[in-house]
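Here the structure comes first, spelled out in structure tokens, and everything after it is commentary.
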């Protein structure tokens, strides 16, 4: 039996707002942002930066070249952070400046990427109230898509996604979010009401999450904890994030899948296990928005982690570089790929080996 397991780990997938407007079934474009009141404005920004986008685009358009990369890699499981409510609800969550929603009829724009788990423990899945959150859960379920990190009650929100792989092997995905990523505390689920699984970044919280993992996991399971945490910009990894991730690995978690930042953050190999502190955005409508160019938010990564399924240790991490243009992912050029390799090596210095480039793909091997 092959003891190797390949996981695709994606950052934030934001198919709402401007992306929703170019798909076949655009929803209501009204926004409640301080400066922008129409979602089509974000389409115009992207077009002004990189050229016209025909309408409607087909469901595969936002993913572009990423679909061929994933087909060739043939990962055993695909995990993304779905940072968009899928709803027709108009219940704009109060106190938030940005609200993301995709019309339910545009679900093929998500399912075309064949995600095995859609992580929902983030700061946008509740943008349209409890009604919008429940509808999101229902639409995903009807589409045959598995969710983790949110639910109709506290028990469902904390329940892991379970992916059978055959031969008795499974992948369990636990998903939690933190207030530091902008999730309102009021989004926590009630015993009998919907919400998002939240955690604090304390030793006690890490122990509690690890206890839930021990209760759910079987002898041949690989466990991923997916966490929405931290600020949008910056290369530093806060101390509480690092300590929390270490405590999870110390308690047997095989991989920590972090996200929230709009650009890739540091990578760490700790006790042979992979920690991704920030996977960056994957699909969004941020083209043409300036102010943070030094982080190159136009560059995106598809993380392909190869693990030893018996021990959970990382065997190899490959990262396929993409670039967002006209609301679509394109393969990044050689200069941009080299920039990503240098940047990830720099921000991960002391926690992971240097990132190299092989045939246009970023590669990291754990220390021997």
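In our numbering, the protein residues as written are 23 to 390.
All C-beta atoms in this analysis are idealised placements derived from N, C-alpha and C, irrespective of residue type, glycine included.
Residue pairing by DSSP places residue 185 opposite 193 in a beta bridge.
A distance below 6 Å between beta-carbons, with the five flanking residues on each side excluded, links residue 353 to the following residues of its chain, in chain order: 87. The secondary-structure analysis by DSSP pairs residue 311 with nothing; it has no beta-bridge partner.
Three or more beta-carbon pairs separated by less than 8 Å link the segment 147 to 159 to the segment 171 to 186, which places the two stretches in contact. Within the same chain, and ignoring the five residues on either side of residue 146 in sequence, the residues whose Cβ sits closer than 8 Å to its Cβ are 36, 38, 105, 106, 107, 120, 121 and 122. For residue 390, the closest C-alpha among the options 273, 336, 343 and 317 is that of 336.
In this structure, residue 103 lies away from residue 139, with their beta-carbon atoms at least 7 Å apart. Contact between the segment 192 to 209 and the segment 241 to 254 is established, with three or more Cβ pairs separated by less than 8 Å. For the pair residue 154 and residue 269, the Cα-to-Cα distance works out to about 34 Å. Leaving aside the five residues that flank residue 133 on each side, the residues in its chain whose CB is nearer than 6 Å to its CB run, in chain order, 165. The residue from 69, 78 and 67 with its alpha-carbon nearest to that of residue 49 is 78. Going by C-alpha positions, residue 228 is about 6 Å away from residue 266. When secondary structure is reduced to three states using DSSP, residue 42 falls in the helix class. By the criterion of a C-beta distance shorter than 6 Å, residue 314 is surrounded in its chain by 255, once the five residues flanking it on both sides are discounted. By the 16-neighbour rule on beta-carbons within 10 angstroms, residue 144 is buried. Under the DSSP definition of a beta bridge, residue 170 partners with 141. Going by DSSP, residue 343 is part of the beta strand (DSSP E) stretching over 336 to 347.
If you look at residue 290, you'll find it isn't in any alpha helix (DSSP H); it sits in the beta strand (DSSP E) that goes 289 to 292.
The Cβ atoms of residue 264 and residue 276 lie no closer than 7 Å to each other. Distance from the Cα of residue 89 is smallest, within the candidate group 328, 281 and 324, for 324. When 124, 382, 376 and 213 are compared, the shortest CA-CA separation from residue 289 is found for 376. Buried is the label assigned to residue 342, since at least 16 other Cβ atoms lie within 10 Å of its Cβ.
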